[in-house]
Amino acid sequence: MSEFQSRLTDLLDEFELFDDWEDRYRYIIDLGKDLTPLAPEEKTDRNKVLGCASQVWLVIDPAPEGVLRFRGDSDAFIVKGLIAVLVRLLDGLAYSEIQNFSIRDTLAKLGLNEALSSQRTNGLMSMVERLKKATA
Numbered sequence: 007m008s009e010f011q012s013r014l015t016d017l018l019d020e021f022e023l024f025d026d027w028e029d030r031y032r033y034i035i036d037l038g039k040d041l042t043p044l045a046p047e048e049k050t051d052r053n054k055v056l057g058c059a060s061q062v063w064l065v066i067d068p069a070p071e072g073v074l075r076f077r078g079d080s081d082a083f084i085v086k087g088l089i090a091v092l093v094r095l096l097d098g099l100a101y102s103e104i105q106n107f108s109i110r111d112t113l114a115k116l117g118l119n120e121a122l123s124s125q126r127t128n129g130l131m132s133m134v135e136r137l138k139k140a141t142a
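Okay, so the sequence shown: first residue is 7 according to our numbering, each after it adds one.
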């Protein structure tokens, strides 16, 4: 099992504790509360993710060659939680695993594909594209 699959399985196990998507939604918001906020000087246009309805910043950190390290922040609670999910799933993975990541498949497995608005899904896709671009 790949590192990504192991992380996804752990997250799926946590999500199974909740009966419906509203409880999962609240859990995602709680995950976002545990993210370390970015410093004000990191919230720059260079780190801003375009294509998101809310303010989103992703900071790619130095890491050993072939490994992606990143952090993020948002001004919206649910988006901050979705960033936390991406960090849990993707931070520290090999570039090849990032390139093979599908946000649509992952949302479906987590039972969130129909719970998130198209705007939120598009924003997530923009975040993932930014991460994939960093690993290209």
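Glycine included, every Cβ here is placed at the ideal spot set by N, Cα and C.
Could you give the first and the last residue of the continuous beta strand (DSSP E) run that contains L64?
Residues V62 to D67.
Skipping 5 residues on each side, what residues in its chain have a beta carbon closer than 6 Å to that of V134?
Take V134, set aside five residues on each side of it, and the residues of its chain with a beta-carbon closer than 6 Å to its own are I109, in chain order.
Under the assumption that L137 contacts L95 (Cβ atoms under 8 Å), give the Cβ distance between them as a whole number of angstroms.
No, L137 and L95 are not in contact; Cβ-Cβ is about 10 Å, not under 8 Å.
What are the boundary residues of the beta strand (DSSP E) that includes D79?
Per DSSP, D79 belongs to the beta strand (DSSP E) from R75 to S80.
Collapsed DSSP secondary structure at A100 in the structure displayed
In this structure, A100 counts as strand in the three-state DSSP scheme.
Give the DSSP-derived three-state secondary structure of K39 in the structure shown.
DSSP, reduced to helix, strand and coil, places K39 within a helical segment of the structure shown.
Considering Cα atoms alone, identify which of T42, L14 and G117 is closest to K86.
Among T42, L14 and G117, the Cα nearest to that of K86 is on T42.
Per the DSSP calculation, K54 is bridged to which residue(s)?
According to DSSP, which records beta bridges pairwise, K54 is partnered with W63.
Three-way DSSP call (helix, strand, coil) for M7 in this model:
Looking at M7 - three-state DSSP - the assignment turns out to be coil, as it is neither helix nor strand.
Evaluate A142 with the Cβ neighbour count: other Cβ atoms within 10 Å of its Cβ, from every protein chain shown; 16 or more gives buried, anything less gives exposed.
Its Cβ having fewer than 16 others within 10 Å, A142 is exposed.
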